[in-house]
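In my numbering, the protein residues as written are -6 to 310. Ideal Cβ placement from N, Cα and C applies to all residues, glycine included. First up is the structure itself, then whatever we jot down about it.
Take a look at the structure:
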């Protein structure tokens, strides 16, 4: 790449950096960087002209003159100084190139995180717009109504996710899944619906540890209740919301195993795949997304679109 080509790449990177407001670089930093590169190009051109005046033409591909050419064309002391200067300039250019590559990588990382955030917000907004908000799933009047996921298709057999077994779904030791909750809570007396609503109110207030404790107690006390699958799903969400993706995957995996024909089953499968992707289990995440499409063809368009987005993001085949 010629010096001018390199400068063009650098200037393009500078525009991108300024537009995205990367935290580690300001516009003045980029301006200084480009000024330094411009001066380096001018110095190299001056060096080439000086060598040419002493009887050695610059190479046709604009490459920097070699040390042997400089030594033959100039006195030893002058050639030595020029060679040292050229070496320093080349080293500085390599360093600057490395710094630009680091910034480009940082921008790519921020962009990926932003895409994930936007997709998650879109997903949640779609739930609200379609009347399938989390709060509605816990209302007593809607206990028998299908969720926004749509009617599930033929439910897969418990314990197997395509080629992924339940044992493989365990993302940490049993001790990790049985960690005590930091904040104790006791379900109120009354019917299961009231206890579920109590747990969900904690979730809406973002008291995630208390909500996780309450949902766990609900599932243990009412494993066959029509709301048990919903409670298991929201238990996973309490972990996912705190970026505790390992425990989220455990909760969603348990939801898949025990409640794969419930109204929250498609949502559960989607979040299982997303949690597995977050902890680096890409192949298993891709299997989960594929199983979502195969097992729940009537899932809502929102869930299907989100699954497709996640499949592309982690490069599922």
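**Q.** Nearest neighbour of residue 186, chosen from 207, 35, 216 and 220 [CA to CA]
**A.** 220
Margin query: If we define contact as Cβ-Cβ less than 8 Å, is residue 276 a contact residue for chain B?
Written below: The structure shown contains no chain B, having only a single protein chain.
*Could you have a look at residue 275 and say whether DSSP puts it in helix, strand or coil?*
helix
Residue 198 in three-state terms, based on DSSP
The answer is coil: DSSP assigns residue 198 none of H, G, I, E or B.
*If you draw a straight line from the alpha carbon of residue 249 to that of residue 182, how long is it in whole angstroms?*
29 Å
Practice task
State the Cα-Cα distance for the pair residue 282 and residue 308, rounded to the nearest angstrom.
Solution key: Cα to Cα, the separation comes out at about 12 Å.
Check: Excluding sequence positions up to five away, which residues of its chain have a Cβ less than 6 Å from the Cβ of residue 304?
Finding: 282
Can you tell me which of the three DSSP states residue 185 falls into?
helix
Handout entry: Nearest residue (CA-CA) to residue 234, options 193, 245 and 199
Key = 199
Q) In terms of residue numbering, what span does the alpha helix (DSSP H) encompassing residue 297 cover? A) 294 to 306
* To do: Measure the CB-CB distance between residue 229 and residue 207 and report whether it falls below 8 Å.
  => no
Apart from the five residues on each side of it in sequence, which residues of its chain come closer than 7 Å, Cβ to Cβ, to residue 189?
131, 211, 220 and 224
Q.
Within 10 Å of its beta-carbon, does residue 266 have 16 or more other beta-carbons around it, so buried, or fewer, so exposed?
A. Result: buried.
### Task
Confirm, please, whether the CB-CB distance from residue 263 to residue 299 is below 8 Å.
yes
Would DSSP call residue 252 helix, strand or coil?
coil
Assigned secondary structure, residue 327 (DSSP; H/G/I helix, E/B strand, else coil):
The chain is shown from -6 up to 310; residue 327 falls before or after that span and cannot be answered.
Query raised in the report: From this set, 261, 271 and 276, which residue's C-alpha is nearest residue 288's C-alpha?
Result: 261
Outcome for residue 83 when other beta-carbon atoms lying within 10 angstroms are tallied against a minimum of 16: exposed
* To do: Let me know if residue 58 comes out buried or exposed under the rule of 16 or more other beta-carbons within 10 Å of its beta-carbon.
  => Legend: pLDDT at residue 58 = 47, less than 50; position of this residue unreliable, no value from coordinates given.
What residue from 285, 73, 201 and 238 has the CA that sits closest to residue 231's CA? Cα-wise, what sits closest to residue 231 is 201.
| query | Just reading off the alpha helix (DSSP H) that residue 221 is part of, what are its end residues? | reply | 221 to 233
Check your understanding: Rounded C-beta distance between residue 294 and residue 272? I'm assuming under 8 Å.
Key -> With 8 Å as the limit, residue 294 and residue 272 do not qualify as a contact, their Cβ atoms being about 28 Å apart.
Going by alpha carbons, who is nearest to residue 218 out of 184, 237 and 247?
-> Checked all of 184, 237 and 247; the closest Cα to residue 218 is 184.
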